[in-house]
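Trainee:
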Amino acid sequence: MFRRLLALLLSFAIFNSLFAQTFFDDTKASRKWVNKQFKKLSEDEKIAQLMVIRAHSNLAADHVQQVNDLIKKYNVGGLCFFQGGPVRQANLTNFYQSIAKTPLMIAIDGEWGLGMRLDSVINFPRQLMMGAVNDPAQIYAFGKAVGEQCKRLGIQVNYAPDIDVNNNPNNPVINDRSFGEDKYKVARFGIEYMKGMQDVGVMACAKHFPGHGDVAVDSHYDLPIINKSRKQLDELELYPFRELLKAGVGSVMVAHLYIPSIDTTANLATSLSKNNVTSLLRDELGFKGITFTDALEMKGVAKFFPAGDAAVQSLIAGNDMLCLPGDIPGSIEKVKQAIRDGKLSWDDLNARVKKVLLAKYHLGLHKKTTINTQNLVEDLNQYTRSITTELAKQAITLLKLNNAQLLPMQNKKKIAYVGIGNGKEHVFSKRMMADWNADVFLFDNKSDSNAAVELLNKVTSYDAIVLGLHQYSRRPANNFDLSKASVQLAKDIQRYHNSISFVFGNPYAISNFVDAPNLLACYENDSITQHTAADILQG
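What follows is the structure in C-alpha cells.
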C-alpha cells in the first residue's frame, strides 16, 4: 500500500508547481471577496491585518483570553502557533476563526513537520539529514506530507523551508536546520520541499533572507553581523533565494542581520532595511509574494527598537506581515503617526492589506470550514514513519570503513555495545541485544573519567565493539555539551580496529572523532533512525 502511495506522491514531482496560478491570481471572484473584506476594515484593522501574533495550545486560560481579546478588539491578520497538542490546536483554531471578523491566516514554524511543535506528532528529520539524501523526489514527498499535515490542521502557511547555506559549522542558530553547505543542493532541495507543500495548497516561506548561514551570534539574543561584500552574498547566500523565487515560492521571511554591504545604518537589521526588503528583494530580485519579518520580539531587533518603532520601520522597509510585533495597540498608533508624518502612506498600506487578503482567498479562507478532530493524530502521523524510514535509509552515511568485517557485521562470538548518552537503554541498544546477543554498556554523559576508564577496561577483550553516540546537544556551543570524559571514552574505543561508531545526532560533532577507523553519520537520534542503523549493521 505504501509503495503505491509513495509512487503517487513522487509522481507529482514531474509536474510544475501549482503555485503560479494559485496564491495571487486576481480573478473576478477573488477581487469581489477581497473588496468585500477590505471595505469592512477600519483604519486600525487595516494595520492589524498586517500583524501575526503568537498562539500556543499548551498554555492556560489567560493566554487564550489574551489571544481572544487581540482578535476581537484589533482584528489581527494571523496567528502563528507554537508548542501544544494537535487536538487542542484544532479546537483553538476553530474557536479563534469563529470569533474573527476577517479570517485568520494560520501559520506555524514547522521546518521538520508539525512534530517540531506539537506533541503526539512524530518528527520528520531535520533538513541537514535530508541534505544527505540523493533523490530530490524524496524531499518532494516529504514536503507534500508536511503540506498535508498543515492542511489537516487548518494551517495555511508553514515558515519553511530554511534555505540558508550553512557555511559556518559553528552557526549557533541555523546549523542542522539547513540542507547543508552546498548552495546548489540547498536550492534544489528547497524547491522540492516548497513545491511539495504548495502543490497541496499550503504556502511555503523561504527563509532567512538574505542568508543566515554564516553567523556566530543567534539573532534571538543579539544582532549578528555578516561582513561580506555584495559580490560574496550574490555568489553564495543569495543563490538559493533567487532559485526559489524563480520556482514560485509564495512568501519569504526576512532575517534580523546587520550586513554593511547592504545597509550601513547603525544597528538596523536587514528585516528593517528598505535597502534589503524593497531595493534588493523586491526591485532587484523581482519578488512579488508576501514578505514576513522574522519575529520582531527577537533581540536582534528588540534590543535597538521598541515594539511600535520596530513595526513602523518594518513597514517602511517594505514588509507585508509583521511576525510577533509585541505591543499591538502601541504599534497601531505608531504606524498611524508614521502615516501622519509622511513616512508611510495609506495607499501603500492598503495595497499590502489587499495582497494579504488575496492570499487568504487563494489559501481557502473565503470558505468557512471547521477542523474535524476525529482521527486527527492518526491522520497527522499517516505517512511519517514510512517517509522518515526511506529518508534514513538514503541519508545515513558511511564515512570510513577500514574493517570490512564490521559492516555488515560478521558473526562474532563476543560483541560489546557501548552507548554514550543519558545512560538509559534505547532502540539501538535493544536491537544490539536482540540481533547480536551483545553485552550492553551504557555511559552517562555526566559520568566522570574514572567511570570511563572502568568501562573501557571491560570492553577491550571483545571481538567487536559497536559504539553509539546519543543524546548530545544539537547546537555546537560547549562542544555540543559532550563531556570531556565522553569524548575521551569514544576516542579510546575508536583506537581499536575492531570498533565501529554510529553518531546519532548533529554530524558536525563528528569533528571530535575524525580518527575513528569505522564511522557512520546517522544525523538523528529518533527510534526510526536507530532501527534503520541497526538494519544497516545487519546488511
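Position one of the sequence shown corresponds to residue 9 (the numbering used here), numbered consecutively onward. All C-beta atoms in this analysis are idealised placements derived from N, C-alpha and C, irrespective of residue type, glycine included. Bear in mind the structure is a predicted one, so any value in this text is a computation, not a measurement.
In its own chain, which residues sit with a C-beta less than 7 angstroms from the C-beta of Val-285, not counting the 5 before and 5 after it?
Mentor: Only Val-262, Thr-299, Ala-325, Gly-326, Asn-327 meet the Cβ criterion.
Trainee: Using CA atoms only, rank isn't needed, just tell me which of Glu-156, Asn-43, Leu-161, Lys-193 is closest to Asn-174.
Mentor: Closest by alpha carbon: Lys-193.
Trainee: Taking the Cβ atom as the reference point for each residue, do Met-59 and Gly-85 lie within a distance shorter than 7 angstroms?
Mentor: Yes.
Trainee: State the beta-bridge partners of Leu-475 as determined by DSSP.
Mentor: DSSP output for Leu-475 lists Val-426, Ser-509 as bridge partner(s).
Trainee: Applying the 10 Å Cβ sphere with the 16-neighbour rule, what's the burial state of Ala-367?
Mentor: When all chains shown are included, Ala-367 counts as buried.
Trainee: Let me make sure I understand the geometry here. Which of Val-461, Ala-424, Asn-465, Cys-88 has the alpha-carbon closest to that of Ala-446?
Mentor: Among Val-461, Ala-424, Asn-465, Cys-88, the Cα nearest to that of Ala-446 is on Ala-424.
Trainee: Take every Cβ of the region 175–192, pair it with every Cβ of the region 134–148, and state whether three or more of those distances are shorter than 8 angstroms.
Mentor: Enough Cβ pairs lie closer than 8 angstroms, so yes.
Trainee: Taking the alpha helix (DSSP H) that Leu-406 falls in, what are its first and last residues?
Mentor: First-last for Leu-406: 405–409, but that is the beta strand (DSSP E), not the alpha helix (DSSP H).
Trainee: Looking at the structure shown, is Ala-542 part of a helix, part of a strand, or coil, going by DSSP?
Mentor: In this structure, Ala-542 counts as helix in the three-state DSSP scheme.
Trainee: Is the beta carbon of Ile-114 less than 7 angstroms from the beta carbon of Leu-78?
Mentor: Not closer than 7 angstroms, so no.
Trainee: In the structure shown, what three-state DSSP assignment does Arg-62 receive?
Mentor: Strand at Arg-62.
Trainee: To the nearest angstrom, how far is it from the Cα of Tyr-391 to the Cα of Val-343?
Mentor: Whole-angstrom Cα-Cα distance: 45 angstroms.
Trainee: Return yes when the Cβ of Thr-101 is within less than 7 angstroms of the Cβ of Gly-162, no when it is not.
Mentor: Their beta carbons are under 7 angstroms apart, which means Gly-162 touches Thr-101 by this criterion.
Trainee: Quick check on the burial criterion: 16 or more other C-beta atoms within 10 angstroms. Buried or exposed for Tyr-229?
Mentor: The residue in question, Tyr-229, is exposed, as its Cβ has fewer than 16 Cβ neighbours within 10 Å.
Trainee: Can you tell me the Cα-Cα spacing of Leu-276 and Leu-330, whole angstroms?
Mentor: Distance between the alpha carbons of Leu-276 and Leu-330: 16 angstroms.
Trainee: Unbroken alpha helix (DSSP H) runs of length 4 or more, entirely within the region 345–411: which are they?
Mentor: Entirely contained in the region 345–411, the alpha helix (DSSP H) runs reaching 4 residues are, in chain order, 354–368, 384–388, 392–403.
Trainee: Between which two residues does the alpha helix (DSSP H) carrying Val-495 extend?
Mentor: Here the alpha helix (DSSP H) through Val-495 covers 492–502.
Trainee: Quick one: give me the first and last residue of the beta strand (DSSP E) that Thr-299 is part of.
Mentor: From DSSP, the beta strand (DSSP E) with Thr-299 extends over 298–301.
Trainee: Go ahead and pull the three-state DSSP assignment for Ser-259.
Mentor: Ser-259 falls in the strand class under three-state DSSP.
Trainee: Less than 7 angstroms between the beta carbons of Tyr-516 and Pro-177, yes or no?
Mentor: For Tyr-516 and Pro-177, yes; Cβs fall inside 7 angstroms.
Trainee: What number of angstroms, rounded off, separates the C-alpha of Gln-402 from the C-alpha of Lys-311?
Mentor: For Gln-402 and Lys-311, the distance between alpha carbons rounds to 43 angstroms.
Trainee: Once DSSP output is grouped into helix, strand and coil, what is the label at Ala-446?
Mentor: Of the three classes helix, strand and coil, the one that applies to Ala-446 here is coil, per DSSP.
Trainee: DSSP beta-bridge partners for Ile-336?
Mentor: Per DSSP, none; premise fails for Ile-336.
Trainee: Determine the direct distance from the alpha carbon of Asn-83 to that of Thr-540, and round the result to whole angstroms.
Mentor: Between Thr-540 and Asn-83, the C-alpha separation is close to 48 angstroms.
Trainee: Look at the alpha carbon of Arg-483 and the alpha carbon of Thr-35, and state the distance between them as a whole number of angstroms.
Mentor: Those two C-alpha atoms are separated by around 47 angstroms.
Trainee: Can you give the Cα-Cα distance for Phe-512 and Pro-218, rounded to whole angstroms?
Mentor: Rounded to the nearest angstrom, the two C-alpha atoms are 31 angstroms apart.
Trainee: Suppose the cutoff is 7 angstroms on Cβ atoms and the five residues either side in sequence are ignored; what does the same chain contact list for Val-141 look like?
Mentor: Taken in chain order, the residues that qualify are Ile-147, Leu-399, Gln-402, Ala-403.
Trainee: Relative to the C-alpha of Cys-158, which candidate in Gly-209, Ser-106, Ser-281, Lys-191 has its C-alpha closest?
Mentor: Cα-wise, what sits closest to Cys-158 is Gly-209.
Trainee: Quick test of the definition: if touching needs 3 or more C-beta pairs under 8 angstroms, does the region 31–50 touch the region 302–317?
Mentor: In short, these stretches do not touch, since the Cβ pair count stays below three.
Trainee: Could you check if Pro-169 is buried or exposed, using at least 16 other CB atoms within 10 Å of its CB as the buried criterion?
Mentor: Pro-169 comes out buried.
Trainee: Note down the Cα distance separating Phe-27 from Ile-199, rounded to an integer number of angstroms.
Mentor: Low confidence applies to Phe-27: its pLDDT is 45, below 50, so where it sits in the model is not reliable, and the reading given next is rough at best. C-alpha separation (whole angstroms): 12 angstroms.
Trainee: Between Pro-314, Ile-501, Gln-240, Val-257, which lies nearest to Pro-268 when the distance is taken from Cα to Cα?
Mentor: Ranking the options by Cα distance to Pro-268, first place goes to Gln-240.
Trainee: With distances taken Cα to Cα, identify the nearest neighbour of Asp-317 among Ala-214, Gly-294, Glu-341, Lys-296.
Mentor: It is Glu-341 whose Cα lies nearest to the Cα of Asp-317.
Trainee: Select from Lys-48, Asn-43, Leu-497, Asp-534 the residue whose C-alpha is nearest the C-alpha of Asn-514.
Mentor: Here the closest residue by C-alpha is Asp-534.
Trainee: Taking contact to mean at least 3 C-beta pairs separated by less than 8 angstroms, is the region 492–510 in contact with the region 408–427?
Mentor: Taking 8 angstroms as the limit for Cβ pairs, the verdict is that the region 408–427 does touch the region 492–510.
Trainee: Skipping 5 residues on each side, what residues in its chain have a beta carbon closer than 8 angstroms to that of Ala-346?
Mentor: The answer, listed in chain order, is Val-320, Leu-323, Ile-324, Leu-352.
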